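Counting from 1, position 132 in the sequence shown corresponds to residue 1009 in our numbering; the numbering is continuous, with no gaps. Heads up: the structure comes next, in structure tokens.
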Amino acid sequence: MVQPATAHEHVTVSQTDGVLEIRIQRPERKNALTHGMYDALTRALVTADTDPAVRVALITGTEDCFTAGNDMVEFLKDPPKGDDSPVMRFLAQLLAQEKPLVAAVNGPAVGVGTTLLFHCDLVYCARSARLQMPFVSLGLCPEAGASMLLPMIMGHPRAAELLMLSETFSGEEAVALGIANAVYEDGDYLAEARKQALRLAAQPPASVRLTKAFLRGPTRDAVAAHMKLEGDTFLERLSSPEAREAMTAFMEKRKPDFSRFS
Ligand code: COA
């Protein structure tokens, strides 16, 4: 059973005028996400959808970072296993979310820090935002439906560049690629995202939910099936020698060496 939203050491939740603000707060680890943090994020999303006082959820990070994605130490020592793992439940909830989701992104947004944005409705970036999906560089594969949604949004060549070369891109590029709405100065992006969330919260709520359902509806089942395929493969890849080399190299602060793999 899903627990009600409760504050977590690294995921805080606050509510103002119909907007549930979810903050990822683990700055000493660049807001890297642990199992417990995924669970807290899922609870917050469920609360947003089930609490009648909430009309919009806004997800953001801390002063210099959105999130560095999955915690690499957990990937090595306690990797997620199966559909019931916290990360998979979080991704399933993102896809199922009925009320609108707004994201305010600054600094690094790595891995799931970028792919979760494809499931948000409005995405606002700071000038400092640096997005990246380094799944291939980590010996893994895309997740959260990225390998289906990206080519749909931007075409195969650009999607292949971002995924296969794991290229880092800015908020301006994210807007040009069609995955973010606007870029603001670092001092302004959160206030602008809050302003838009409040505007959404003032709209007729049932009409907003219906419109989200219609926007997402035509692709939802196919995205869910593709996410499941990616997710199963991703979890298998976590124990592959390529991924072990990549993640160990990150923790040891050295360049990975993939020369022995065929
Ligand atoms: N998991 C666990 N720890 C992480 C982490 C992650 N995903 N990302 C950063 N950290 C830790 C670093 O190991 C470092 O720890 P230390 O202080 O003990 O050395 C600390 O957070 C600060 O990170 P650092 O790399 O020094 O900051 P930076 O500003 O130079 O770079 C990032 C920030 C996010 C670009 C860089 O940390 C990074 O690439 N992280 C990995 C992202 C990633 O591949 N995520 C997984 C996607 S599936």
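Each residue gets a CB set at the ideal place from its N, CA and C atoms; glycine is no exception. From a predicted model like this one, the values you see are computed outputs, not experimental measurements.
Review point. Using a Cβ-Cβ cut-off of 8 Å (strictly less than) and excluding sequence neighbours within five positions of M878, which residues of its own chain qualify?
Key: Translated into positions along the sequence shown, residue 878 becomes position 1. Summary for M878: the model assigns pLDDT 40, below 50, so the residue's position carries little reliability; its value from the coordinates is reported in the next sentence. If you ignore the 5 residues before and after M878, its C-beta comes within less than 8 Å of no other C-beta in its own chain.
Neighbourhood of R1086 by C-beta distance below 7 Å, restricted to the same chain and skipping five residues each side = The count along the sequence shown starts at 1 and reaches residue 1086 at position 209. Apart from the 5 residues on each side of it in sequence, R1086 sits with its Cβ closer than 7 Å to the Cβ of E975 and K976 in its chain, given in chain order.
>> Taking its Cβ as the centre, do 16 or more other Cβ atoms sit within 10 Å of P1148, making it buried, or is it exposed?
In response: Any answer about residue 1148 is impossible in this case: the structure gives the chain only from 878 up to 1139.
Go through its chain and collect everything with a Cβ distance to L1042's Cβ below 8 Å, but skip five positions before and after it. By one-based count along the sequence shown, residue 1042 stands at place 165. Excluding residues within five positions, the ones whose Cβ falls inside 8 Å are V1013.
What do you get for A1083, buried or exposed, if any count of 16 or more other CB atoms within 10 angstroms of its CB means buried? Taking the first residue of the sequence shown as 1, we reach residue 1083 at position 206. Answer is exposed; the Cβ neighbour count stays below 16.
Checking 8 Å against the spacing of the C-beta atoms, do L897 and A921 come in under that value? For the purposes of this step, residue 897 is taken as the residue at position 20 of the sequence shown. For the purposes of this step, residue 921 is taken as the residue at position 44 of the sequence shown. It is a contact, given that the beta carbons lie within the stated cut-off.
**OP:** Give me whichever residues DSSP pairs with M1007 in a beta bridge.
**Re:** For the purposes of this step, residue 1007 is taken as the residue at position 130 of the sequence shown. Here residue 1007 turns out to be Arg, not Met, going by the sequence shown. Answer by DSSP bridge pairing, in chain order: P985 and S1047.
### Task
Please report the residue range of the beta strand (DSSP E) in which L935 lies.
One-based indexing of the sequence shown puts residue 935 at position 58. Here the beta strand (DSSP E) through L935 covers V933 to T937.
- Message: Closest to P985 by C-alpha separation, out of D961, R1004, K1072 and G1055, would be which residue?
- Response: Residue mapping note: residue 985 aligns to position 108 of the sequence shown, counting from 1. Ranked by Cα distance from P985, the options D961, R1004, K1072 and G1055 are led by R1004.
So, for H1103: in the same chain, excluding its five sequence neighbours on each side, which residues have a beta-carbon less than 6 Å away from its beta-carbon? Position 226 of the sequence shown, counted from the start, is the residue given in the question as residue 1103. Short of 6 Å from the beta carbon of H1103, and not among the five residues preceding or following it, lie these beta carbons of its own chain, in chain order: G1022 and M1025.
*Through-space distance from P956 to R900, alpha-carbon basis*: For the purposes of this step, residue 900 is taken as the residue at position 23 of the sequence shown. For the purposes of this step, residue 956 is taken as the residue at position 79 of the sequence shown. Those two C-alpha atoms are separated by around 24 Å.
T991 and L1008 - do their beta-carbons sit closer together than 8 Å?
Position 131 of the sequence shown, counted from the first residue, corresponds to residue 1008. Position 114 of the sequence shown, counted from the first residue, corresponds to residue 991. T991 sits close to L1008, with the two beta carbons spaced by under 8 Å.
Does the ligand COA have a heavy atom nearer than 7 Å to the CB of M1031? As a working note, residue 1031 is residue 154 in the sequence shown. Relative to the ligand COA, even the nearest heavy atom lies 7 Å or more away from the CB of M1031.
Verify the contact flag: N1058, CB atom, against every heavy atom of the ligand COA, threshold strictly below 7 Å.
Mapped onto the sequence shown, residue 1058 falls at position 181. Checking every heavy atom of the ligand COA against the Cβ of N1058, none is found closer than 7 Å.
Taking C-alpha atoms, which residue in G946, Y1061, R932 and E1062 lies nearest to L978?
Within the sequence shown, residue 978 is the residue found at index 101, counting from 1. When each option's Cα is compared against that of L978, the closest is R932.
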